[in-house]
Amino acid sequence: MASLHPNSVLLHKYSEIPPFLQGNPHIKDGYRVFLSYPMCLRSLCVLSNEFVNVWSHLVGFLLFVGLFLQDQASVIETSGGDATDRMVISTGLACFQICMIFSASFHLFHCHSEDACRRWLRLDLLGISVAVCGCYFTGIYYGFYCLDYFRNMYFALCSVLTLATVSFQLHPNFDTPHWFERRLALYAAIVMFGIVPTMHWAIIYGGEAGEVQLFLPKVVIMYLLFLIGVIFYITRFPERSFPGMVDIFGSSHQWWHVFVLAALLYWHNAGLEVFAYRKTMPCVQPGG
Ligand SMILES: [Zn+2]
1 MASLHPNSVL LHKYSEIPPF LQGNPHIKDG YRVFLSYPMC LRSLCVLSNE FVNVWSHLVG
61 FLLFVGLFLQ DQASVIETSG GDATDRMVIS TGLACFQICM IFSASFHLFH CHSEDACRRW
121 LRLDLLGISV AVCGCYFTGI YYGFYCLDYF RNMYFALCSV LTLATVSFQL HPNFDTPHWF
181 ERRLALYAAI VMFGIVPTMH WAIIYGGEAG EVQLFLPKVV IMYLLFLIGV IFYITRFPER
241 SFPGMVDIFG SSHQWWHVFV LAALLYWHNA GLEVFAYRKT MPCVQPGG
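The numbering of the sequence shown is the UniProt record's numbering, which starts it at 1 and goes up by one.
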């Protein structure tokens, strides 16, 4: 039975919601259904089962806007960065902002209608690809800072990968439940691709090189943060073991959001450290 909330946003049980919202049967209550866009915005203040999903990435978006302003105002100049550094670091942050705002918007507005749900889901999924591109862009730029040929080669490969991903996402079945495994396989592929330039770069310089010792553990930690998020996403733990007990706080998708945000924040910070390293250390020939 629906319960009346003080600001008139009704919350529903799983058995009462339309099929397009029935994605996770272990979340038993707290669903918003067929809200108008103004009511969706009003539900920002309602403890629904999307409250943490929306706010986690809305706060993430604001954090990346704040970091953009901070980097532009002082960090880049303090480390001796030039216009290209500003462009590279800003592009990375813009990609993360797009991911965060598309994700928050999907979780806020997808209860409006089935059509709206599909449209916002496409943007949410696109945002993940954009964030991965942002990670590659800064990583490849500073990783292969002294190796122009390989840097251009990996930029070209990433562009091809991005185009292939976007084409895949334009397929009419892309956002349907039947393509869940294919979506997962696509995202696994574009994320795991990053291991190729990382291994290549580590082999070129060798494990003893200062930059490899500085940067490689950061790549591993970023992947671990992302992997922990993916494990929550796939296993649907803890709601699978405690159905109905983590509807509002603590469900798997909320943990996925937190770990994605943590991975992107960590990557931005790691990028700034490697950028500062590049500005203080002269380029050395691999093995030199
Ligand atoms: Zn989400």
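Every residue gets a Cβ at the ideal spot worked out from N, C-alpha and C, and that includes glycine.
(request) Decide if residue 101 is buried, meaning its Cβ has at least 16 other Cβ atoms within 10 Å, or exposed. (result) By the neighbour-count rule (16 or more Cβ atoms within 10 Å), residue 101 is buried.
(message) Which same chain residues end up closer than 8 Å to residue 14 when comparing Cβ atoms and leaving out the 5 residues on each side of it in sequence?
(response) Excluding positions up to five away in sequence, the list reads 22, 25, 27, 28, 29 and 31.
(request) Output yes or no for whether 8 Å exceeds the beta carbon distance between residue 85 and residue 215. (result) Taking 8 Å as the Cβ cut-off, residue 85 and residue 215 do not qualify as a contacting pair.
(request) Find the nearest neighbour of residue 151 within the set 163, 164, 136 and 162, judged by alpha-carbon distance. (result) Out of 163, 164, 136 and 162, 136 has the C-alpha closest to the C-alpha of residue 151.
(request) Consider the C-beta atom of residue 24 and the heavy atoms of ligand 1; say whether any pair is separated by less than 7 Å. (result) Every heavy atom of ligand 1 is 7 Å or more from the Cβ of residue 24, so no.
(message) If contacts are defined as beta-carbon pairs under 8 Å, then residue 37 and residue 109 qualify, I think. What distance do you get, rounded to the angstrom?
(response) The beta carbons of residue 37 and residue 109 sit about 7 Å from each other, so the pair counts as a contact at 8 Å.
(request) Alpha carbon to alpha carbon, how far is residue 115 from residue 17? Give it in angstroms, no decimals. (result) Between residue 17 and residue 115, the C-alpha separation is close to 15 Å.
(message) Taking its Cβ as the centre, do 16 or more other Cβ atoms sit within 10 Å of residue 56, making it buried, or is it exposed?
(response) Answer is buried; the Cβ neighbour count reaches 16.
(request) Answer yes or no: the CB of residue 110 versus the heavy atoms of ligand 1, is any distance below 7 Å? (result) Not a single heavy atom of ligand 1 lies less than 7 Å from the C-beta of residue 110.
(message) Quick check on the DSSP output: the alpha helix (DSSP H) that includes residue 148 runs from which residue to which?
(response) Counting along the chain, residue 148 sits inside the alpha helix (DSSP H) bounded by residues 148-169.
(request) Return the residue from the list 90, 165 and 12 that minimises the CA-CA distance to residue 186. (result) For residue 186, the nearest C-alpha among the options comes from 165.
(request) Only counting runs of 4 or more residues, tell me where the alpha helix (DSSP H) segments fall wholly within the region 57-118, in order along the chain. (result) The region 57-118 contains these whole alpha helix (DSSP H) runs: 83-109.
(message) Nearest by alpha-carbon distance to residue 223: which of 124, 261 and 241 is it?
(response) Ranking 124, 261 and 241 by Cα distance to residue 223 puts 261 first.
(request) Using the Cα positions of residue 217 and residue 35, report the straight-line distance between them to the nearest angstrom. (result) Between the C-alpha atoms of residue 217 and residue 35 there is a straight-line separation of about 46 Å.
(message) Short of 8 Å in beta carbon distance, which residues of its chain neighbour residue 282, apart from the five on each side in sequence? Order them along the chain.
(response) Cβ contact annotation for residue 282 (same chain, cutoff 8 Å, sequence separation greater than five): none.
(request) Quick one: grab the DSSP three-state call for residue 10. (result) Looking at residue 10 - three-state DSSP - the assignment turns out to be coil, as it is neither helix nor strand.
(message) At the level of alpha carbons, what is the spacing between residue 134 and residue 163?
(response) If I take the Cα positions, the gap works out to 14 Å.
(request) Please determine if the region 142-149 and the region 57-70 are in contact, where contact requires at least 3 C-beta pairs separated by less than 8 Å. (result) Flag = no, the region 142-149 and the region 57-70 do not touch.
(request) Taking 6 Å as the limit, tell me which residues put their C-beta closer than that to any heavy atom of ligand 1, in chain order. (result) After applying the 6 Å Cβ criterion, the set is 53, 103, 107, 253 and 257.
(message) Can you tell me whether residue 213 is buried or exposed? The criterion is at least 16 other CB atoms within 10 Å of its CB, across all chains shown.
(response) With fewer than 16 other Cβ atoms from the protein chains shown falling within 10 Å of its own Cβ, residue 213 counts as exposed.
(message) In whole angstroms, give me the CA-to-CA distance for residue 3 and residue 41.
(response) For residue 3, the predicted model reports a pLDDT of 49, less than 50, meaning its position is unreliable and no value from the coordinates is stated.
(message) Within 10 Å of its beta-carbon, does residue 71 have 16 or more other beta-carbons around it, so buried, or fewer, so exposed?
(response) Residue 71 comes out buried.
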